[in-house]
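Below is one structure; the comments refer to it alone.
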Amino acid sequence: MTQVGEGQEADESAPPVMTFGAPTAGEVLAERYELVEHINNDSAGRLVWRGVDVILRRPVAVVLRYPGGDSATEMLQAAVAASRVIHPNLVGVYDAIDEADRAYVVREWVDGQSLRDLTADGPLDPARATAIGNAVASALAAVHATGMVHGNVHPGTVMISDEGRVVLADARTDGADSQENDIRAVGGVLYFALTGYWPHTEAPLRGATAGHGRAAIPDAVRDAAGVLAAPRQVRAGVPAYLDDLTMDLLDAQIAPPSSDVLAAELARLDVPAEEEHYLDNSGPLRFAAETGEEPSPLAAAGGRKVALGIASLLVVALVGLLIGISTLGDDGDKGSQADQPPAPTSSAPAGDATPAANEVRKLAVKNVRIIDPDSKNRSEVGGAEKVIDGDEDKGWETETYRDRPNFGNLKKGMGVWLDLGEPHSVKSVQAVLSAPGASARLISGTTNPPSNSNGDKQLVANYTDFIGQPFEDHDGATMAFNGFDADKKYQYLLFWITELPPSEGGFKLGVQEITVQGS
Numbered sequence: 001m002t003q004v005g006e007g008q009e010a011d012e013s014a015p016p017v018m019t020f021g022a023p024t025a026g027e028v029l030a031e032r033y034e035l036v037e038h039i040n041n042d043s044a045g046r047l048v049w050r051g052v053d054v055i056l057r058r059p060v061a062v063v064l065r066y067p068g069g070d071s072a073t074e075m076l077q078a079a080v081a082a083s084r085v086i087h088p089n090l091v092g093v094y095d096a097i098d099e100a101d102r103a104y105v106v107r108e109w110v111d112g113q114s115l116r117d118l119t120a121d122g123p124l125d126p127a128r129a130t131a132i133g134n135a136v137a138s139a140l141a142a143v144h145a146t147g148m149v150h151g152n153v154h155p156g157t158v159m160i161s162d163e164g165r166v167v168l169a170d171a172r173t174d175g176a177d178s179q180e181n182d183i184r185a186v187g188g189v190l191y192f193a194l195t196g197y198w199p200h201t202e203a204p205l206r207g208a209t210a211g212h213g214r215a216a217i218p219d220a221v222r223d224a225a226g227v228l229a230a231p232r233q234v235r236a237g238v239p240a241y242l243d244d245l246t247m248d249l250l251d252a253q254i255a256p257p258s259s260d261v262l263a264a265e266l267a268r269l270d271v272p273a274e275e276e277h278y279l280d281n282s283g284p285l286r287f288a289a290e291t292g293e294e295p296s297p298l299a300a301a302g303g304r305k306v307a308l309g310i311a312s313l314l315v316v317a318l319v320g321l322l323i324g325i326s327t328l329g330d331d332g333d334k335g336s337q338a339d340q341p342p343a344p345t346s347s348a349p350a351g352d353a354t355p356a357a358n359e360v361r362k363l364a365v366k367n368v369r370i371i372d373p374d375s376k377n378r379s380e381v382g383g384a385e386k387v388i389d390g391d392e393d394k395g396w397e398t399e400t401y402r403d404r405p406n407f408g409n410l411k412k413g414m415g416v417w418l419d420l421g422e423p424h425s426v427k428s429v430q431a432v433l434s435a436p437g438a439s440a441r442l443i444s445g446t447t448n449p450p451s452n453s454n455g456d457k458q459l460v461a462n463y464t465d466f467i468g469q470p471f472e473d474h475d476g477a478t479m480a481f482n483g484f485d486a487d488k489k490y491q492y493l494l495f496w497i498t499e500l501p502p503s504e505g506g507f508k509l510g511v512q513e514i515t516v517q518g519s
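One point on numbering: in the UniProt record's numbering, the residue at position 202 of the sequence shown is 202, and numbering is uninterrupted.
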């Protein structure tokens, strides 16, 4: 069971991390987090403990740093930044506290092991490696959509739970990395999963040197000229399309795609073993420069056929994606994105105010209301328009409920209903909340009943298509729903809240802004 912060355990001969102020089993930090078991130390000088949140009665991982103060600033800043993004493939960050003599971060406990430990008995089969790469790319897409960088992607921070859930942990904020390095590191993760060797991409394995320490990761195989061996040269059975994709991501001469495009491509390649044959003809997404030709499919028996530039089709996809992602970080001007014409692309020339059919952009919400099926006085249904006004400082909020986070056990939930005016392909939905600690789902339906108690009851009963990913038991002030079915269109969406975060005097939540991206 691995919960190492940096993903690299300290050398057995390393001196103790702390003496005075060392934590002990049974100690309760911040009057809330009880330390249960010391798991390990990492090479960054941090102690990792298994603990329990005595208020919410859930297991947590507690990562301690001694001393606190300036020496722990980067760790705490990274934790605060990570807590703002919630995604099923990101480890939830619950708290970050500096007590001067020591600092600690409280995050989700994952029953499982790191990718580094998972491959101890040998590399993974291609299907599982693809699934892990897909999960990591999806997590990075959520991080990058907010403008942030993870900066610490490697086999030690990729964790696989006993139930098979893949999560990315321990982001950094030291400014030494970029989104491009994050994406190239996905290639490193794929390479490691397929071969058991780390290729030392531009996002190197922090704190790990080949051949040093009991948990060191061996360097990748290279020829006499230092050229990296492709996965298919290291082991048999690696499909050509996965080999090409991995090596393209590691090739500094080939511009990588955005994390969102990469996640979509890995999702396409993540198929059951019995269906892999169709990929031999379709090939992987090729990252190429201007050649004037479309990227050709990869032949089943062919070697690595890397084009020299980005094909026009990929350019359109990337530009459209960047337009969509940029709206996630807009400055809150009302209607600023919906009212402006799309930026010129190869499929939407300058001066053409009509966006391309497949262009990802911020979708206008035509109608919004609060759904409250279990209330008699409906005192909380006002102010729904603040959720889509472009101002994150203003929003709709619930009343304060005492005793329990599930609306005081008085309601099954409440929701924000959105009408997009007509069916659209949806790429992502982002909800900015007033505080971390809420649980919510995104649901779609096809009915629009009256705005009253009976109508709300009908709506909740008929909305059964859960879309995006569930966010139960995850904390974060921003929920980014991705993973929508590209073949389906949606007009009515319901952001359904089931648990409220702690607030003064009880439990309360504000929904500051909801943004829908699609075409």
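Think of the CB as a built atom: it goes at the ideal place given N, C-alpha and C, for glycine as much as any other residue.
Around aspartate 419, the same chain offers Val365, Lys366, Asn367, Val368, Asn448, Gln491, Tyr492 as residues with beta carbons nearer than 8 Å, after the five sequence neighbours per side are excluded. If the five residues before and after threonine 464 are omitted, its C-beta is found closer than 8 Å to the C-beta atoms of Ile443, Gly445, all from its own chain and listed in chain order.
Classified as buried, serine 258 has 16 or more neighbouring CB atoms from the shown chains inside 10 Å of its CB. If you look at threonine 73, you'll find it in the alpha helix (DSSP H) that goes 73-82. CA-CA distance, asparagine 152 to alanine 193, rounds to 17 Å.
As summarised for the stretch 112-170, the continuous beta strand (DSSP E) elements at least 3 residues long and confined to that stretch are 112-114, 158-161, 166-168, given in chain order.
In chain order, Arg65, Asp98, Ala103 place their CB closer than 7 Å to the CB of alanine 72, counting only its own chain and leaving out the 5 sequence neighbours on each side. The residues Val28, Arg32, Tyr33, Glu34, in chain order, have a CB closer than 8 Å to that of valine 54 in the same chain once the five nearest residues on each side in sequence are set aside. In this structure, leucine 433 and alanine 477 form a Cβ contact; the two beta carbons are roughly 5 Å apart against a cut-off of 8 Å. For isoleucine 443, the enclosing beta strand (DSSP E) starts and ends at 439-445. For the 9 Å CB-CB criterion, proline 450 and tyrosine 94 do not form a contact.
Look at alanine 103 here: in three-state DSSP terms it is strand. The shortest CA-to-CA distance from histidine 87 to any of Ala79, Leu228, Ala139, Ala240 is the one to Ala139.
Leucine 410 sits exposed, since fewer than 16 C-beta atoms from the chains shown fall within 10 Å of its C-beta.
The way I'd put it, the stretch 160-179 does touch the stretch 106-124; three or more beta-carbon pairs between them come closer than 8 Å. Ranked by Cα distance from proline 501, the options Ser428, Glu399, Gln430, Val143 are led by Glu399.
When the five nearest sequence neighbours on each side are left out, the beta carbons in the same chain lying within less than 6 Å of the beta carbon of valine 426 are those of Phe484, Tyr490, Gly518, in order along the chain. The Cβ atoms of valine 186 and threonine 146 lie no closer than 9 Å to each other. Around the beta carbon of valine 429, 16 or more other beta carbons lie within 10 angstroms, which makes this residue buried.
Counting along the chain, valine 360 sits inside no alpha helix (DSSP H), nor does DSSP assign it H or E at all.
Counting the other CB atoms within 10 Å of its CB gives glutamine 512 a total of 16 or more, which places it among the buried residues. When the beta-carbon positions are compared, valine 106 and glycine 51 come within less than 9 Å of each other.
In the three-state reduction of the DSSP assignment, glutamate 385 falls in the helix class, which pools H, G and I. In the structure shown, aspartate 98 adopts extended strand secondary structure according to DSSP, grouped into three states. Of the candidates Pro155, Met148, Thr195, Asp101, the residue whose Cα lies closest to the Cα of aspartate 177 is Met148.
Sequence-distant Cβ neighbours of leucine 494 in its own chain, meaning closer than 6 Å and more than five residues away, are Gly415, Trp417, Ile443, Tyr463. The residue among Pro373, Lys394, Asp403 with its C-alpha nearest the C-alpha of lysine 412 is Pro373. Of Gly382, Pro423, Pro59, the smallest CA-CA separation from glycine 92 is found for Pro59. Around the Cβ of lysine 376, a 10 Å sphere holds fewer than 16 other Cβ atoms; the residue is exposed. Excluding residues up to 5 positions away in sequence, nothing lies with its Cβ nearer than 8 Å to the Cβ of aspartate 121 in the same chain.
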